[in-house]
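Student:
Protein chains: 2
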Amino acid sequence: MKPQPTLEDVARASGVSTATVSRVLNDSARVRRETCERVEAAIARLGYTPHFGGRMLASNRTDTIGAVIPTMENAIFARGLQTLEEELAAAGVTLLVATSNYDPAREARQIRALLGRGIDGLVLIGEARDPESYELLRRRGMPFVVVWTWRADCPWTCIGFDNRAAARGLADRVLDLGHRRIAMISGITLGNDRAAARLAGVREAMAARGLALDAGNLVEAAYTLEAGREAAARLLARAPRPTAIICGNDVLAAGAMLAIRVAGLRVPRDVSVTGFDDIELAQLLDPPLTTVRVPHRLMGQTAARVLLRMRAGEDGVESAMFGTTLVDRGSLQPPG
Amino acid sequence: MKPQPTLEDVARASGVSTATVSRVLNDSARVRRETCERVEAAIARLGYTPHFGGRMLASNRTDTIGAVIPTMENAIFARGLQTLEEELAAAGVTLLVATSNYDPAREARQIRALLGRGIDGLVLIGEARDPESYELLRRRGMPFVVVWTWRADCPWTCIGFDNRAAARGLADRVLDLGHRRIAMISGITLGNDRAAARLAGVREAMAARGLALDAGNLVEAAYTLEAGREAAARLLARAPRPTAIICGNDVLAAGAMLAIRVAGLRVPRDVSVTGFDDIELAQLLDPPLTTVRVPHRLMGQTAARVLLRMRAGEDGVESAMFGTTLVDRGSLQPPG
DNA sequence: AGTCAAAATGTAAGCGCTTGCATATCGAAT
DNA sequence: ATTCGATATGCAAGCGCTTACATTTTGACT
Numbered sequence: 001m002k003p004q005p006t007l008e009d010v011a012r013a014s015g016v017s018t019a020t021v022s023r024v025l026n027d028s029a030r031v032r033r034e035t036c037e038r039v040e041a042a043i044a045r046l047g048y049t050p051h052f053g054g055r056m057l058a059s060n061r062t063d064t065i066g067a068v069i070p071t072m073e074n075a076i077f078a079r080g081l082q083t084l085e086e087e088l089a090a091a092g093v094t095l096l097v098a099t100s101n102y103d104p105a106r107e108a109r110q111i112r113a114l115l116g117r118g119i120d121g122l123v124l125i126g127e128a129r130d131p132e133s134y135e136l137l138r139r140r141g142m143p144f145v146v147v148w149t150w151r152a153d154c155p156w157t158c159i160g161f162d163n164r165a166a167a168r169g170l171a172d173r174v175l176d177l178g179h180r181r182i183a184m185i186s187g188i189t190l191g192n193d194r195a196a197a198r199l200a201g202v203r204e205a206m207a208a209r210g211l212a213l214d215a216g217n218l219v220e221a222a223y224t225l226e227a228g229r230e231a232a233a234r235l236l237a238r239a240p241r242p243t244a245i246i247c248g249n250d251v252l253a254a255g256a257m258l259a260i261r262v263a264g265l266r267v268p269r270d271v272s273v274t275g276f277d278d279i280e281l282a283q284l285l286d287p288p289l290t291t292v293r294v295p296h297r298l299m300g301q302t303a304a305r306v307l308l309r310m311r312a313g314e315d316g317v318e319s320a321m322f323g324t325t326l327v328d329r330g331s332l333q334p335p336g
Numbered sequence: 001m002k003p004q005p006t007l008e009d010v011a012r013a014s015g016v017s018t019a020t021v022s023r024v025l026n027d028s029a030r031v032r033r034e035t036c037e038r039v040e041a042a043i044a045r046l047g048y049t050p051h052f053g054g055r056m057l058a059s060n061r062t063d064t065i066g067a068v069i070p071t072m073e074n075a076i077f078a079r080g081l082q083t084l085e086e087e088l089a090a091a092g093v094t095l096l097v098a099t100s101n102y103d104p105a106r107e108a109r110q111i112r113a114l115l116g117r118g119i120d121g122l123v124l125i126g127e128a129r130d131p132e133s134y135e136l137l138r139r140r141g142m143p144f145v146v147v148w149t150w151r152a153d154c155p156w157t158c159i160g161f162d163n164r165a166a167a168r169g170l171a172d173r174v175l176d177l178g179h180r181r182i183a184m185i186s187g188i189t190l191g192n193d194r195a196a197a198r199l200a201g202v203r204e205a206m207a208a209r210g211l212a213l214d215a216g217n218l219v220e221a222a223y224t225l226e227a228g229r230e231a232a233a234r235l236l237a238r239a240p241r242p243t244a245i246i247c248g249n250d251v252l253a254a255g256a257m258l259a260i261r262v263a264g265l266r267v268p269r270d271v272s273v274t275g276f277d278d279i280e281l282a283q284l285l286d287p288p289l290t291t292v293r294v295p296h297r298l299m300g301q302t303a304a305r306v307l308l309r310m311r312a313g314e315d316g317v318e319s320a321m322f323g324t325t326l327v328d329r330g331s332l333q334p335p336g
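One line per chain: the protein sequences are V and W, in this order.
In terms of the working numbering, the first sequence opens at residue 1 and continues consecutively.
In terms of the working numbering, the second sequence opens at residue 1 and continues consecutively.
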C-alpha cells in the first residue's frame with residue numbers, strides 16, 4: 001500500500017488551507033467558485049482521495065448503512081438488497097451487507113461487527129433476536145429498522161408485511177378448494193419469526209374451520225432445496241397421503257416438487273403444492289408454482305428512505321405495512 | 001448516536017495507560033495475564049468497542065476486503081461470495097460487497113468507492129475493464145485478484161476457469177450429437193470477457209468442423225429470464241428452426257425453455273437447450289438442464305487465501321486455474 | 001543483597017480530517 | 001471615501017487509536 005496524497009498535500013498544491021479543501025470536498029457551496037476549481041484541479045492532478053479513517057474520526061459519520069440478512073443464496077433477499085442499495089447510493093450512502101445463515105448467534109456477531117465499523121444505521125430481517133442485541137442498539141442510539149415482518153404492536157420501526165395474515169390467506173384458499181389432508185413444510189421456526197408467523201397463519205386458517213394441523217403432517221426444514229425434498233419424501237410416505245403441501249417458501253416448494261416427481265406422482269393431480277415469496281424460480285417450475293408475492297422492492301426502498309430520515313435526526317418515524325398477493329399458477333388445484 | 005466510551009476511558013477505569021489497553025486489544029500476548037484480565041473486565045463493564053476510524057487512522061489497515069460483482073440476483077455469484085466471506089471471516093477479515101449490474105461505468109465507480117473506504121484488498125469478476133481502474137489499483141499498490149476467468153497470459157493474478165475451453169467442450173458435445181443448426185443466446189459481450197470467451201469457444205468448436213455460427217442464429221441478451229425468453233422466441237421464429245440453442249448461462253436457458261414451451265414445442269424433442277454455471281435452478285427445470293458446472297466455491301476459497309497472503313506482504317502469488325464439468329441432465333439430445 | 005537482561009508498562013507523537021471561531025476580503029449603501 | 005454586513009478563508013484544536021521509544025518492574029542468577 002503506497003503512501004497516498006493527503007488533504008494537506010492538496011492544500012499546499014492549490015495554495016489554500018486544509019479547511020478550504022475540506023469544504024470543497026463537503027459543501028462546495030461555501031467556497032468561491034474560482035477557489036473551488038483550483039482545488040478540484042489539484043485533487044485531480046494528485047489523484048487524491050479522502051482518507052476514510054480520518055474523515056470518520058473527525059466527523060463520526062461513515063455514510064454507511066449496514067444490513068444483516070439470512071443468506072444471499074435466496075434470491076428474494078438479494079433483490080430486496082439491490083433496491084436498498086440503489087436507493088441508498090442515490091443519497092451517497094454505501095450499503096454494507098453481512099449474512100447470518102439463519103443462525104441467531106452469528107447474526108448477533110454480525111450486528112456487533114457492523115456496529116464496530118461505525119455504520120450510521122442498520123437494517124435487520126425479522127424481529128426475533130437476542131434482547132441483548134436490541135439493548136446494544138439502544139445504548140448506542142443506533143437507528144435501525146426491522147424489515148420483512150410487520151405486526152400491529154411491534155416496538156420497533158418495522159417495514160414489512162403480515163406473514164401470518166398472508167399465510168392464512170393462502171391456507172384459506174387451499175381449504176376453500178376442498179383440501180382436508182393438509183401438510184406443511186415450515187421453515188425452522190426457532191429464532192425465525194417469519195417462519196413461525198407463516199405456520200401460525202396456516203394453523204389459524206385450519207382452526208377457523210375446526211381443523212388442526214396433524215403433528216405428523218408438519219415438518220420443519222431448513223430453507224434449502226435438499227431439506228424440502230427430504231421433508232416432502234417423509235410426508236408422502238404417510239397414509240393417507242396429504243392432498244396438499246403448503247411450503248414455507250418457494251425453495252422448499254421446489255424441493256417438494258422434486259420429491260413428488262421422484263415418487264412417481266404428479267402435481268397438482270396427486271398432490272397440490274404451494275410456495276411463498278414468488279421468486280423467479282416459481283414460474284419456471286413445472287407446473288408453475290402457486291405462491292405468495294412479497295413486496296421485496298417496496299420494502300427495500302422504504303427501508304432506505306426511513307433510515308435516511310432517521311439519520312438526518314428525524315424521529316418518530318413510523319412503521320409501514322405492505323400487502324401481499326396470492327399468485328395462482330396451477331400447482332394448487334382441488335384434490336383429485 | 002450517543003457518545004461511546006473510548007480507549008482512554010477503559011485505561012482510566014482499569015488503571016493502566018492507553019497503550020496497554022491497545023495492546024490487550026491487539027496482541028494480548030505482550031501483556032501480563034493479570035493486567036490483561038483487569039483491562040478486559042473494564043472493557044466488558046463499560047461496553048467498550050474500538051472506534052474503527054481511530055484504528056484505521058492510526059494503523060492504516062481496515063481488515064476489510066472488497067469485492068465488486070455484477071449482481072447478487074444470480075445465485076452463482078452469491079454462492080461464490082458466501083464461501084469467500086466465510087474464509088475471510090475465519091481470518092478476522094470482513095467482506096465488503098458492491099454490485100455493478102454488468103455496467104462497466106458503475107463497476108469503475110464501485111471500485112473507487114471501495115478504495116475510498118480503505119480496503120486492504122479487492123476481488124474483481126473478470127478482467128475486462130477500463131485501463132484507468134487498473135492504473136488506479138497499481139498506483140495505490142492495492143492487492144487484487146481477478147476471478148471467474150482464466151487465460152494463460154493474463155497479466156493479473158487470476159483465479160478461475162477457462163470460459164472459452166469450457167464453452168468449446170460443451171459445443172463439441174452438441175456437435176457430436178449431430179446438431180448442425182445451432183443457435184446461441186450469448187450474454188452481452190461488450191465489456192464482459194466471460195461472455196465473449198464463451199461465445200468464442202462455441203465459434204471455435206464449430207470452426208473446427210468447418211461450420212460457422214450464422215449471424216441470424218446469434219442473439220446477445222442481458223443475463224435475465226425475460227431477455228432469454230425474448231431471444232429464444234426470435235430464434236424459434238427462424239426457418240429452418242435451430243435444433244439446439246446454446247445459452248450463455250442457466251438463467252438465459254431457463255428463459256429459452258419458457259419460450260419453447262410457449263411456442264408449443266418440447267425440449268429436447270424439438271429443440272435442445274444447454275446452460276452454463278449449474279445453478280440450483282438447472283436441476284429444477286423440466287427437463288433438467290444440461291449445463292457446465294463452474295467451481296464457484298473453489299474460486300471463492302482460493303481468492304480469499306490468495307488475498308490474505310498478498311495482504312501479509314507475500315508477492316509473486318500465482319494465478320490458479322480450475323476445471324469445469326459438463327453436467328448432462330437431459331435437455332440436450334440428438335436432433336429429432 | 002546485588003546484578004542485569006527480559007518483560008511489562010508508560011509517554012507522547014502523530015495518523016488525516018472536520019469544524020468552531022477568528023480574520024480577511026468583498027460589495028453595496030451611505 | 002467610509003462603513004458595515006455578508007461572504008470567503010485561515011487557524012488550530014481535537015477525534016480515538018497505534019506504536020517507537022523510554023522507563024520501570026520482574027525474576028533468575030551470582
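Each residue gets a CB set at the ideal place from its N, CA and C atoms; glycine is no exception.
Values in this document were obtained by computation on a predicted structure and should not be read as measured data.
Could you tell me if W/R55 is buried or exposed, where buried requires 16 or more neighbouring beta carbons within 10 angstroms of its beta carbon?
Tutor: Looking at its Cβ environment, which holds 16 or more other Cβ atoms inside 10 Å, W/R55 is buried.
Student: Going by the beta-carbon positions, is the gap between W/V219 and W/I246 smaller than 9 Å?
Tutor: Not a contact, by the Cβ cut-off of 9 Å.
Student: Closer than 9 Å, CB to CB, is V/F52 near chain W or not?
Tutor: Closer than 9 Å: yes.
Student: List the whole-angstrom C-beta distance separating V/I159 from V/A232, where the pair is believed to meet the contact cut-off of C-beta under 8 Å.
Tutor: The Cβ separation is near 33 Å, so there is no contact.
Student: In chain W, what lies closer than 7 Å to V/M72 by C-beta?
Tutor: Per Cβ cutoff of 7 Å: M72, A78, L81 and Q82.
Student: Nearest CA to the CA of W/F161: which residue from W/V24, W/V10, W/L252 and W/P295?
Tutor: Taking only the C-alpha atoms, the option nearest W/F161 is W/P295.
Student: Going by C-alpha distance, which of W/A256, W/A244 and W/R151 is nearest W/D270?
Tutor: Ranking the options by Cα distance to W/D270, first place goes to W/A244.
Student: What is the residue span of the beta strand (DSSP E) that V/L96 lies within?
Tutor: Note, V/L96: beta strand (DSSP E), T94 to T99.
Student: What is the DSSP secondary structure of V/S272, counted as helix, strand or coil?
Tutor: Three-state DSSP puts V/S272 in a strand.
Student: Taking the straight line between their C-alpha atoms, what separation do you get for W/R32 and V/A89?
Tutor: Cα-Cα distance, rounded: 47 Å.
Student: On a Cα-Cα basis, can you pick out the residue from W/R23, W/F52 and W/H51 that is closest to W/V39?
Tutor: Nearest C-alpha to W/V39: W/R23.
Student: According to DSSP, is W/V267 helix, strand or coil?
Tutor: It is coil, neither helix nor strand.
Student: Out of V/R293, V/R129 and V/G187, state which residue places its alpha-carbon closest to the alpha-carbon of V/A227.
Tutor: When only C-alpha atoms are compared, the closest one is V/G187.
Student: Is there contact here, the segment 141-152 of chain W with the segment 169-178 of chain W, by at least three beta-carbon pairs under 8 Å?
Tutor: They do not touch, by the three-pair rule.
Student: Mapping DSSP to helix, strand and coil, what is W/S186?
Tutor: Reduced to three states, the DSSP call for W/S186 is strand.
Student: Quick one: is V/E127 near chain W, going by C-beta distance under 9 Å?
Tutor: For V/E127, the answer is no, since every Cβ of chain W falls outside 9 Å of its Cβ.
Student: With a cut-off of 9 Å, does the C-beta of W/T6 fall near any C-beta of chain V?
Tutor: W/T6 does not count as touching chain V.
Student: Just mark W/N26 as buried or exposed, buried being the case when its beta carbon has 16 or more other beta carbons within 10 Å.
Tutor: With fewer than 16 other Cβ atoms within 10 Å, it is exposed.
Student: 9 Å is my cut-off, CB to CB: does W/V306 come that close to chain V?
Tutor: Cβ-Cβ to chain V under 9 Å: no for W/V306.
Student: Do you know whose CA, among V/A320, V/G80, V/E127 and V/V306, lies nearest V/T189's CA?
Tutor: Out of V/A320, V/G80, V/E127 and V/V306, V/E127 has the C-alpha closest to the C-alpha of V/T189.
Student: Specify, as a first and last residue, the run of the alpha helix (DSSP H) that W/I43 falls within.
Tutor: It spans R33 to L46 - the alpha helix (DSSP H) in which W/I43 sits, taken as one unbroken run.
Student: So the candidates are W/D286, W/A91 and W/A263; which of them puts its Cα closest to the Cα of W/A312?
Tutor: Considering only alpha carbons, the answer is W/A91.
Student: Counting only C-beta atoms, is V/Q283 closer than 9 Å to chain W at any point?
Tutor: V/Q283 counts as touching chain W.
Student: Among W/D63, W/K2, W/A195 and W/E107, which has the Cα closest to the Cα of W/W148?
Tutor: The shortest C-alpha separation from W/W148 is found at W/A195.
Student: Please list, in chain order, all residues of the same chain as V/E204 whose beta carbon is under 6 Å from its beta carbon, the five residues on each side excluded.
Tutor: The answer, listed in chain order, is R168.
Student: Closer than 9 Å by beta-carbon distance: list the chain V residues that pair up with W/V97, in chain order.
Tutor: Residues of chain V passing the Cβ test: M72, L95, L96 and V97.
Student: For the putative contact between V/D250 and V/T291, defined by C-beta atoms under 8 Å, what is the C-beta separation to the nearest angstrom?
Tutor: Going by Cβ atoms, the distance from V/D250 to V/T291 rounds to 6 Å, so yes, they are a contact pair.
Student: Which residues in chain V have a C-beta closer than 7 Å to the C-beta of W/G116? List them in chain order.
Tutor: Chain V residues near W/G116: T49, P50 and F52.
Student: List the endpoints of the continuous alpha helix (DSSP H) containing V/T224.
Tutor: Looking at the DSSP string, V/T224 is not in any alpha helix (DSSP H), and its letter there is neither H nor E.
Student: Assign V/E132 to one of two classes, buried (16 or more other C-beta atoms within 10 Å of its C-beta) or exposed (fewer than that).
Tutor: Answer is exposed; the Cβ neighbour count stays below 16.
Student: If you drop the 5 nearest sequence neighbours on each side, which residues of the same chain put their C-beta closer than 7 Å to that of V/Q110?
Tutor: Closer than 7 Å at the Cβ level, and outside the excluded window around V/Q110, lie V68, A98 and S100.
Student: Just to confirm before moving on: does the CB-CB distance between W/E73 and V/Q4 stay below 9 Å?
Tutor: In this structure, V/Q4 does not lie closer than 9 Å to W/E73 by Cβ.
Student: Candidates V/Q283, V/L252, V/A237 and V/F322: which alpha carbon is nearest V/I329's?
Tutor: What sits at residue 329 of chain V in the sequence shown is Arg, not Ile. Nearest C-alpha to V/R329: V/Q283.
Student: On a Cα-Cα basis, can you pick out the residue from W/I43, W/L175, W/A183 and W/L199 that is closest to W/G210?
Tutor: Measuring from the Cα of W/G210, the nearest candidate turns out to be W/L175.
Student: Count the other CB atoms within 10 Å of the CB of V/R45; is the residue buried (16 or more) or exposed (fewer)?
Tutor: Exposed.
Student: Using the C-alpha atoms, what's the distance from V/L57 back to W/N60?
Tutor: Answer to the nearest angstrom: the Cα atoms are 13 Å apart.
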